[in-house]
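Sequential numbering of the sequence shown, starting at 0, is according to numbering that gives the first Met the number 0. C-beta: ideal position from N, C-alpha, C; glycine also. Note that the coordinates shown come from a computational prediction; the quantities given were computed from them, not determined experimentally. These notes concern the structure reproduced below.
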Amino acid sequence: MATSFRFEPTATESTSSVLPLQRSGVSDIISTGPTQLVSETLTAGHPLESRLANWENTQLNIKLHMQRQVYGLHAPMRTMMEVKSVQQTPSVL
Numbered sequence: 000m001a002t003s004f005r006f007e008p009t010a011t012e013s014t015s016s017v018l019p020l021q022r023s024g025v026s027d028i029i030s031t032g033p034t035q036l037v038s039e040t041l042t043a044g045h046p047l048e049s050r051l052a053n054w055e056n057t058q059l060n061i062k063l064h065m066q067r068q069v070y071g072l073h074a075p076m077r078t079m080m081e082v083k084s085v086q087q088t089p090s091v092l
């Protein structure tokens with residue numbers, strides 16, 4: 000049987016592998032090409048950026064959770080009613 004030294008396998012050839020190629024954890028650089036690290040780092044942002052964007056909501060949720068644990072269900076409900084009523088009133092200043 001003659002061995003073929005082609006870079007691309009023919010359509011009739013089949014390869015057997017223990018692990019599937021898609022789930023091996025290694026990216027196929029030959030078929031996909033190198034990744035653009037510059038574009039990935041520019042779009043990713045810093046890990047703290049998402050935490051800072053949601054800082055006020057996170058702090059309010061922590062405060063409401065602590066009020067519920069200490070005072071019961073009425074305390075966070077009252078706080079949220081007060082927050083919503085203040086948001087609905089027009090600012091005079």
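Length of the line joining the Cα atoms of residue i and residue j
i: S84; j: S49; result: 28 Å
i: L72; j: Q66; result: 8 Å
i: N60; j: I28; result: 44 Å
i: A74; j: L63; result: 8 Å
i: Q58; j: L51; result: 11 Å
i: Y70; j: M79; result: 14 Å
i: Q68; j: S30; result: 55 Å
i: V91; j: G44; result: 38 Å
Neighbour-count burial assignment, residue i, 16 or more Cβ in a 10 Å radius
i: P89; result: exposed
i: P46; result: exposed
Top-ranked residue by Cα proximity to residue i, from the options
i: N56; options: R77, V82 and G44; result: V82
Practice problem: Please go through the segment 46–78 and give each complete alpha helix (DSSP H) segment of 4 or more residues, from N-terminal end onward. | Solution: 46–52 and 54–70
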